[in-house]
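Counting with my numbering, you get residues 1317 to 1451 for the letters of the sequence shown. Glycine included, C-beta positions come from ideal geometry on N, C-alpha and C. Please read the structure below before turning to the comments.
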Amino acid sequence: MPDSLLPKPFSFQEAKLKSPLALAYLGDTIWDLLIRQRLLAGALPAGALHRRAILLANAGAQAEASARIEPLLSPEEADVLRRGQNAHAHHRAPKNQDPVDYSRATGLEALMGYLYLTGQTARIAELFDIGVPIL
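Rendered as structure tokens:
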């Protein structure tokens, strides 16, 4: 993303003070945007783009991406991921989602939100490329 579109980054401490679910709220949008941008590199019609995006941005696909990137995270990033995964401890996953996948997906989204808020867009791109290597 061009830096001119990005708001002033939060400090690492400010971002850490946000709830994991607030970070995931933002990270879900970041992840969806990256999926859609990558899909546009192909030549699919709009309806197919939408169907493919749903398959790649669901909890199961995000859980797989989380598993791919987790070994590569810094201790700070791993902590944000863990906090996001544990954020649903008192809530049920939606009926159509595996609870473990849903938890892992929330962790990934929290990490993406944290990295975005702290201005680490290059790290987002790096982790996304590893998490979603080929479409």
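Just to confirm the assignment, what range does the alpha helix (DSSP H) spanning residue i have?
{"i": "S1335", "result": "Where S1335 is concerned, there is no enclosing alpha helix (DSSP H), given that its DSSP letter is neither H nor E."}
{"i": "H1404", "result": "Here H1404 belongs to no alpha helix (DSSP H), and DSSP marks it neither H nor E."}
{"i": "D1414", "result": "Note, D1414: premise wrong, no alpha helix (DSSP H); not H, not E."}
{"i": "L1389", "result": "First-last for L1389: undefined, no H or E at that position."}
{"i": "F1326", "result": "Counting along the chain, F1326 falls outside any alpha helix (DSSP H), and DSSP gives it neither H nor E."}
{"i": "I1450", "result": "Unbroken run through I1450: none, as it is neither H nor E."}
{"i": "G1363", "result": "1362-1372"}
Rounded to whole angstroms, how far is the Cβ of residue i from the Cβ of residue j, which I believe are closer than 8 Å?
{"i": "L1424", "j": "Q1378", "result": "5 Å"}
{"i": "S1382", "j": "R1420", "result": "5 Å"}
{"i": "R1399", "j": "P1325", "result": "Contact flag wrong, Cβ pair sits at about 19 Å."}
{"i": "A1375", "j": "Y1418", "result": "5 Å"}
Using only the alpha-carbon positions, how far apart do residue i and residue j sit?
{"i": "T1434", "j": "Q1329", "result": "9 Å"}
{"i": "D1344", "j": "Y1430", "result": "11 Å"}
{"i": "T1437", "j": "A1403", "result": "24 Å"}
{"i": "A1362", "j": "L1356", "result": "9 Å"}
{"i": "I1370", "j": "I1346", "result": "14 Å"}
{"i": "V1416", "j": "S1327", "result": "31 Å"}
Drop a sphere of 10 angstroms on the beta-carbon of residue i, count the other beta-carbons inside from all chains shown, and report buried for 16 or more, exposed for fewer.
{"i": "A1340", "result": "buried"}
{"i": "R1384", "result": "exposed"}
{"i": "G1358", "result": "exposed"}
What do you reckon, are the CB atoms on residue i and residue j nearer than 8 Å?
{"i": "F1444", "j": "L1349", "result": "no"}
{"i": "L1427", "j": "L1397", "result": "yes"}
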